[in-house]
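In mature numbering (1 follows the signal peptide of the UniProt record, and there is no 0), the protein residues as written are -25 to -1, 1 to 379.
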């Protein structure tokens, strides 16, 4: 009686379990592509656990190996943690590599610097060569034009510029302006100057206000010894002589600057008096009615007075009177007065040729062929070969600089 109810309970529970299990299986059903879970045995669970532990141990071992490799890499790079012999060898090897690297960088920079320096030198040579080539080309052109064009030669000879060009050419090749000397065999055959040549040559003395033209025999300019026609009138004699005497004092040697100043002031007063006297007698307003000859004479006086005043003013302002200027005829005796000594005298004293004195232009015409022959003997006459000798083409990169 007690068993039946228990049996009924068990049967009822079994029926409920059978009904509930399909419903739960439907609710938890996996996708068609996923198989239904299979109950795993204890052996499979143990095997999975062992495999998981093995994978963990392998991962840990790999991590430790990677750590050791990383440590070894930094040890090799920095030389840390090695034995002393290995560290020393590694350090020396790296030091040699570093020294070689520094040496390569040093030689590369030095090579670049040498190339830059040689380039600068080449540019400097080229910049110096161009002006020299242009100067020689101009000299050659002047030389050729002096013989090819008589008109140009006559003008250049009469104003003294061609002779000054000859002086520069002689000085460049012989060095007469410093301490150079001409060969005796050249000077021995030169013709000596006569009195007409000595008196006709005019030279320029440097002064602060401008050059002063004087002769080789007298340190005073010609304006103090020659007078225009109208000033030869006896009415102007006393005033004219006083002006000339005071001008000679201004341009002559002085003990000090104060004496020259007093002489210059006295000259200014005398010159003003002479000018006023002349222009009162020949007023500029009356020149329209004079003859052509008289007009030229009046114009000569105007030019003379202007030249006289300018010459004396230049001497006073430049202190010319305070210096004893050398005189060519005082230095060289008559048998040594030739073109060679004249060139030496002018170059060493900084003197240039000036225009010849009036009525003595023939002197320069006689001097020109002597200059030409003298330069031919010295072999200093400009020619094409002399001009082309200034062409300097040096391959500095290939001939001077060491190629690597």
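Idealized CB from N, CA, C, for every residue including glycine.
Apart from sequence neighbours up to five positions away, the residues of its chain that approach residue 223 with a beta-carbon distance below 8 Å are 195, 199, ordered along the chain.
Contact check for residue 242 against residue 276 fails: the beta carbons are separated by 8 Å or more. A residue is called buried once 16 or more other Cβ atoms fall within 10 Å of its Cβ, and residue 320 is buried on that count. Taking the Cβ atoms as the reference, residue 191 lies roughly 5 Å from residue 173, within the contact range of under 8 Å. Distances from the alpha-carbon of residue 197 to those of 106, 188, 205 put 188 closest. Around the beta carbon of residue 312, 16 or more other beta carbons sit within 10 angstroms, so the residue counts as buried. Distance from the CA atom of residue 227 to the CA atom of residue 166, rounded to whole angstroms, is 33 Å. Residue pairing from DSSP places residue 188 in a beta bridge opposite 179. Residue 306: member of the alpha helix (DSSP H) spanning 303 to 306, first to last residue. Contact annotation: residue 157 and residue 315 have beta-carbon atoms nearer than 8 Å. Contact check for residue 142 against residue 322 passes: the beta carbons are separated by less than 8 Å. Under a 10 Å Cβ-count criterion, residue 262 is classified as exposed, with fewer than 16 other Cβ atoms of the shown protein chains found around its own Cβ.
The Cβ neighbour count for residue 280, taken over all protein chains shown within 10 Å, is at least 16; the residue is labelled buried. Residue state for residue 196 is assigned as strand, using DSSP reduced to three classes. In the DSSP annotation of this structure, the continuous segment of the alpha helix (DSSP H) that includes residue 223 starts and ends at 212 to 226.
Between residue 285 and residue 252, the C-beta spacing is not below 8 Å.
The three-state reading of DSSP puts residue 69 in helix, counting H, G and I together. Residue 327 is bridged by DSSP to 179. In this chain, the alpha helix (DSSP H) harbouring residue 238 covers 232 to 256. Between residue 176 and residue 338, the C-beta spacing is below 8 Å.
Taking the Cα of residue 325 as reference, the smallest distance to any Cα among 302, 335, 347 is reached at 302. The beta carbons of residue 332 and residue 135 sit about 12 Å from each other, so the pair does not count as a contact at 8 Å.
Within the same chain, Cβ atoms closer than 8 Å to the Cβ of residue 273 are found at 205, 257, 262, 265, the five residues on either side in sequence being excluded. With fewer than 16 other CB atoms across the displayed protein chains lying within 10 angstroms of its CB, residue 69 is exposed. Shown here, residue 167 sits in coil according to DSSP, grouped into three states, outside any helix or strand. In this model, residue 77 and residue 44 are separated by some 32 Å (Cα to Cα). Spatial neighbours of residue 152 in its own chain (CB-CB distance under 7 Å, excluding positions within 5 residues in sequence) are listed in chain order as 146, 322, 323. In terms of Cα proximity to residue 304, the closest of 170, 245, 342 is 170.
Taking the Cβ atoms as the reference, residue 144 lies roughly 7 Å from residue 114, within the contact range of under 8 Å. The beta carbon of residue 221 lies closer than 6 Å to those of 241, 242, 245 in the same chain, with the five residues before and after it left out. Note on geometry: alpha-carbon atoms of residue 38 and residue 72 lie some 34 Å from one another.
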